[in-house]
Every structure is written in structure tokens, then in C-alpha cells.
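This note's numbering puts the first residue of the sequence shown at 2, with every later residue one more than the last. Just so it is clear, CB atoms sit at the ideal spot from N, CA and C, and this is done for glycine as well. Heads up, the thing below is written out as C-alpha cells.
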Amino acid sequence: MKVEARIFEAIASFFFVVGIVYAVGTFYYRTGVEWAGATAMFFSGGLALIAGTYFRFVARRVEIRPEDFEDAEVEDGAGELGFFSPHSYWPIMIAGAAALFAIGFASANWWFALGLLPIIIATVAGLVFEYHVGPEKH
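Written out as C-alpha cells, the structure reads:
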């Protein structure tokens, strides 16, 4: 996870530096700062910094992976990577609800879009708790 943290932190620093250069450059070559581009650069840097910080914190909690070693081989990472639900219908329901929300939002049907927010939350909860069984089920 340390490799991913370094990558995202490098991306964040790149966007912050480029955002400063962009803001200064547009200030001197125009009548003022071009705020849409400068804001996009700084927000992109902030999003990359959020991902990098997340990976930095997770790297402290998980055991060292083969990707974290300089002399690791491809074979060191072989094996099971995790559990992926093969027959879950929740991702399709989330995508459908999100698509309908986007259509309602884009066409200014605010009540339609706001009515879909609980459905999106419910489908995401269904995905998260799909394999959760309480202590009474054991």
C-alpha cells in the first residue's frame, strides 16, 4: 500500500504545483485568474491527496505485501486476492438508480431526483450487507 500512497501523493503534489503555475500564468497573461481551471487543478490535487492519505493509513494496518519490496518477483503475489460475489444483482440496481437520478437531475425534475436518493442509499446498503449475518444466524 505504500507504493499506491506514494503514487497518489506525487499526483497530488503535481496538481498543486501545476495549479499554482496555472493561476499565476493566467493572472499575468489575462485580465485576472481563470478560476475554473485553477479550481479544477486544486480540487484534483485534493482528491488525489485524499486517496493517498487513505492508502497511507491502510498501509499501517495491513501486513507487508510483495509489492512493497524492491526485489519482489511476480510469483510472490500469486494466490487468492479476495472474495468477489459472482451473482449479485445489487450493482445493477445501484447503477439503475444512479442513472435515473442523473436523468432527473439533468432534466431539473428535482422531486424525482430527490426521491431516488433513498433508493440509492438502500441499494448501496444492500450491497454492503449482502453477506452479513448476525450472531443469531450462526
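| Item | Value |
| --- | --- |
| Is residue 121 helix, strand or coil when you go by DSSP? | helix |
| Given this structure, state the Cα-to-Cα distance separating residue 11 from residue 54, to the nearest angstrom. | 12 Å |
| By the three-class DSSP mapping on this structure, what secondary structure does residue 108 have? | coil |
| What first and last residue would you give for the alpha helix (DSSP H) that runs through residue 42? | 36 to 62 |
| Return the first residue and the last residue of the alpha helix (DSSP H) that residue 1 is part of. | As displayed, the chain neither begins before 2 nor continues past 139, which places residue 1 out of reach and without an answer. |
| Excluding the 5 residues preceding and the 5 following residue 5 in the sequence, name in chain order all residues of the same chain whose CB lies nearer than 6 Å to its CB. | 56 |
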